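Quick notes on the structure that follows.
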Amino acid sequence: MLSRWSQPCFWALKSMLALGLVLGVLALTFDLTKETSRSSTEATELNLTRWLYGTQDEESRILLPTNDVIKQGFPFFRGRKFKIWNNDLHSSPVQDLKHFLNPFGVEVIHYALDARCKRYFNGQCRGADEIKVINQSSVMDMDDQVITDFYQAYKDDAEMKSIDAFVCFHPAAVCELFLTFNRSLFVIASTRYAAARPEEMRWHTWNWRLARIARSPRNLVAANNRYDVEYMKFYAGIEPELLPSFCGYTNAVYHPTSNSSFLLYAGRYPTTKHNAYFESEWTEACKIENCTGFSVCHFFGAFEGGHSFEEEASFRGVIHIPYQVSTMSFFEQYRMGIPLFAPSLDLLASLDQQFDFVNERNCKDLRKCYHDDDIASIPRHPSAAHLPDPHNKTDSAAIRYWLKFADFYQWPHVIHFDSIADLIRKMKSTNYEDVSRKMRTYNERVETLLLLKWKRILTRVSLHR
Numbered sequence: 001m002l003s004r005w006s007q008p009c010f011w012a013l014k015s016m017l018a019l020g021l022v023l024g025v026l027a028l029t030f031d032l033t034k035e036t037s038r039s040s041t042e043a044t045e046l047n048l049t050r051w052l053y054g055t056q057d058e059e060s061r062i063l064l065p066t067n068d069v070i071k072q073g074f075p076f077f078r079g080r081k082f083k084i085w086n087n088d089l090h091s092s093p094v095q096d097l098k099h100f101l102n103p104f105g106v107e108v109i110h111y112a113l114d115a116r117c118k119r120y121f122n123g124q125c126r127g128a129d130e131i132k133v134i135n136q137s138s139v140m141d142m143d144d145q146v147i148t149d150f151y152q153a154y155k156d157d158a159e160m161k162s163i164d165a166f167v168c169f170h171p172a173a174v175c176e177l178f179l180t181f182n183r184s185l186f187v188i189a190s191t192r193y194a195a196a197r198p199e200e201m202r203w204h205t206w207n208w209r210l211a212r213i214a215r216s217p218r219n220l221v222a223a224n225n226r227y228d229v230e231y232m233k234f235y236a237g238i239e240p241e242l243l244p245s246f247c248g249y250t251n252a253v254y255h256p257t258s259n260s261s262f263l264l265y266a267g268r269y270p271t272t273k274h275n276a277y278f279e280s281e282w283t284e285a286c287k288i289e290n291c292t293g294f295s296v297c298h299f300f301g302a303f304e305g306g307h308s309f310e311e312e313a314s315f316r317g318v319i320h321i322p323y324q325v326s327t328m329s330f331f332e333q334y335r336m337g338i339p340l341f342a343p344s345l346d347l348l349a350s351l352d353q354q355f356d357f358v359n360e361r362n363c364k365d366l367r368k369c370y371h372d373d374d375i376a377s378i379p380r381h382p383s384a385a386h387l388p389d390p391h392n393k394t395d396s397a398a399i400r401y402w403l404k405f406a407d408f409y410q411w412p413h414v415i416h417f418d419s420i421a422d423l424i425r426k427m428k429s430t431n432y433e434d435v436s437r438k439m440r441t442y443n444e445r446v447e448t449l450l451l452l453k454w455k456r457i458l459t460r461v462s463l464h465r
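Numbered per our numbering, the sequence shown finishes at 465, counting up by one with no gaps.
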């Protein structure tokens, strides 16, 4: 029998145990609910990925939350903006990230080392003259001394102290500049990840650093196109996330003002072999096929003094004669819903084998993209021992294997042609409004998938800061 002094202690202890049991059940219920929610989100993301990339046939099987629902819960960042720093050589991927992540409570501070920002984005960036230590040349030829000098210049900078993460697209290796700041690193390759690291030892060093970056949950290693995902796996042995650029910043929708006016993207400049090929083949094809009424304007001729996305969206369609496997112009045009024409895989592989057509596919040094001797100088990762070499320019099977990862063959509703004569026939027979409608439907799904992915990524980063 308990004494009258021990009875209160007994009942207090019993009450505490009961309370603890209740709290334990509530905590378990909360964890299960959270886990179920996370599993449901991950399942939705997986199913949507399968549908977008051709591994799930029945679209109706995917029940999608609205984009507004996905954004609920942001920002995760303790009631303030999550700040990301960038100083790239290509403004478009950065502007896309800035536009896409803004609703999530993310602010991107962008120092543009190229002229595209001021030309196309109304100066929504800071200029190259506003950043210390680095410039276009030093970023392309960055050594450890530049990294040290940059850190010394910014380690006590008030704005730099507020930065949560650094993002690097073009070139991705510029993230080496930020290693000593001990912040999250978002490496998102928009071209070959080893660009600007042409020497063998520097490429090896970048691979080693990239592997360390990828191991931390506070970081992100990704690419905005499938080719660069596979290329990074081939040489670095890393499995990067696929995060295609969305380019909703265009704020333009396909509205053709003429049934006969087409825009031509053939190489970087009007004087390239791509344009020469198109003009020669077009002239010959028009002797057989009726080209009357078609007006094909080369991009640089149509927009010599600059242009708006609205003007670009007014063309009936865009013809691509590719020099690269992924370009921001292709992203932009697809998101606007402009019907796109591109060579079939057979045709482009043949042109590449004969004339090195996709000549910027394998450049390591962005300054040497036009040189035939710019070839790989490091061995493949052991996990890629069974794969063909992406730098093999003579073997047709190797060329086809790697070109199939180009955007033109990864995205649906691109209109492929086997010759210029075939192109003319398809320009006549295509239902442009139907193609554009299907592209816009695909874009809606891509946007939802990207929102799901970025919500997962930002949640993970916020938990490991």
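For every residue, glycine included, the Cβ atom is placed at its ideal position computed from N, Cα and C. Keep in mind that this is a model prediction, so the values were computed, not measured.
Leaving aside the five residues before and after residue i along the sequence, list all residues of the same chain whose C-beta is less than 6 Å from its C-beta, in chain order.
i, result
"Asp352", "Val358 and Ile399"
"Gly237", "His381 and Ser383"
"Ser260", "Gly293, Phe294 and Ser295"
Go ahead and pull the three-state DSSP assignment for residue i.
i, result
"His274", "helix"
"Arg380", "coil"
"Asn102", "helix"
"Ile319", "strand"
"Asn87", "coil"
"Arg192", "coil"
"Ile109", "strand"
"Val475", "The structure shown has nothing for residue 475, since the chain only spans 1 to 465."
"Glu281", "helix"
"Cys291", "coil"
"Ser261", "strand"
"Ala153", "helix"
"Cys117", "helix"
"His416", "strand"
"Arg202", "helix"
"Val133", "coil"
"Ser184", "strand"
"Val296", "strand"
"Arg61", "Residue placement at Arg61 cannot be trusted, given a pLDDT of 48 that sits under 50; the coordinates are not used to answer."
"Ala252", "coil"
"Phe330", "helix"
"Tyr173", "The residue asked about is misnamed: residue 173 is Ala in this sequence, not Tyr. Correct three-state label for Ala173: helix."
"Phe178", "helix"
I think residue i touches residue j, with their Cβ atoms under 8 Å apart; what is that distance to the nearest whole Å?
i, j, result
"Pro486", "Val221", "The structure shown does not extend to residue 486, since the chain is modelled only from 1 through 465, so no value can be given for it."
"Ser184", "Arg218", "5 Å"
"Tyr323", "Thr272", "7 Å"
"Tyr432", "Pro256", "7 Å"
"Glu310", "Ala421", "32 Å between Cβ atoms; not a contact."
"Trp206", "Ala173", "5 Å"
"Tyr479", "Met336", "This structure does not reach residue 479, given that the chain is present from 1 up to 465, and the question cannot be answered."
"Asp407", "Ser350", "So it is not a contact: roughly 19 Å between Cβ atoms."
"Leu242", "Ala223", "6 Å"
"Tyr401", "Pro388", "5 Å"
"Leu345", "Leu403", "6 Å"
"Ala112", "Arg126", "7 Å"
What do you get for residue i, buried or exposed, if any count of 16 or more other CB atoms within 10 angstroms of its CB means buried?
i, result
"Lys287", "exposed"
"Leu463", "exposed"
"Ala158", "exposed"
"Met439", "buried"
"Ser245", "buried"
"Asn225", "buried"
"Glu312", "buried"
"Asn182", "exposed"
"Ala385", "exposed"
Apart from the five residues just before and just after residue i, which ones in its own chain have a Cβ nearer than 8 Å to its Cβ?
i, result
"Leu423", "Ala285, Ile319, Phe341 and Phe417"
"Val146", "Val133, Ile134, Ser138 and Leu177"
"Phe355", "Lys273 and Tyr277"
"Lys81", "Pro75, Gly105, Val106 and Glu107"
If I follow the unbroken beta strand (DSSP E) through residue i, where does it start and stop?
i, result
"Ile457", "Run containing Ile457: none in the beta strand (DSSP E); it sits in the alpha helix (DSSP H), Tyr432 to Leu463."
"Ala342", "Leu340 to Pro343"
"Phe166", "Ala165 to Cys168"
"Val221", "Leu220 to Ala223"
Among the residues of its own chain, which have a CB less than 7 Å from the CB of residue i, if the five just before and after it don't count?
i, result
"Thr430", "Pro339 and Ile415"
"Val94", "Asn86, Asp88, Val108, His110 and Phe169"
"His99", "Gly248 and Tyr249"
Quick check: is any heavy atom of the ligand ADP less than 7 Å from the C-beta of residue i?
i, result
"Asn87", "This structure lacks the ligand ADP; in fact it carries no ligand of any kind."
So is residue i in contact with chain C if we call contact Cβ pairs under 8 Å?
i, result
"Asp418", "No chain C appears in the structure shown, which is made up of a single protein chain."
Where do the N-terminal and C-terminal ends of the alpha helix (DSSP H) with residue i fall, by residue?
i, result
"Ala398", "Ser396 to Leu403"
"Tyr235", "Arg226 to Ala236"
"Ala128", "Counting along the chain, Ala128 falls outside any alpha helix (DSSP H), and DSSP gives it neither H nor E."
"Ala158", "Ala158 to Lys161"
"Glu311", "Phe309 to Glu312"
"Asp407", "Asp407 to Gln410"
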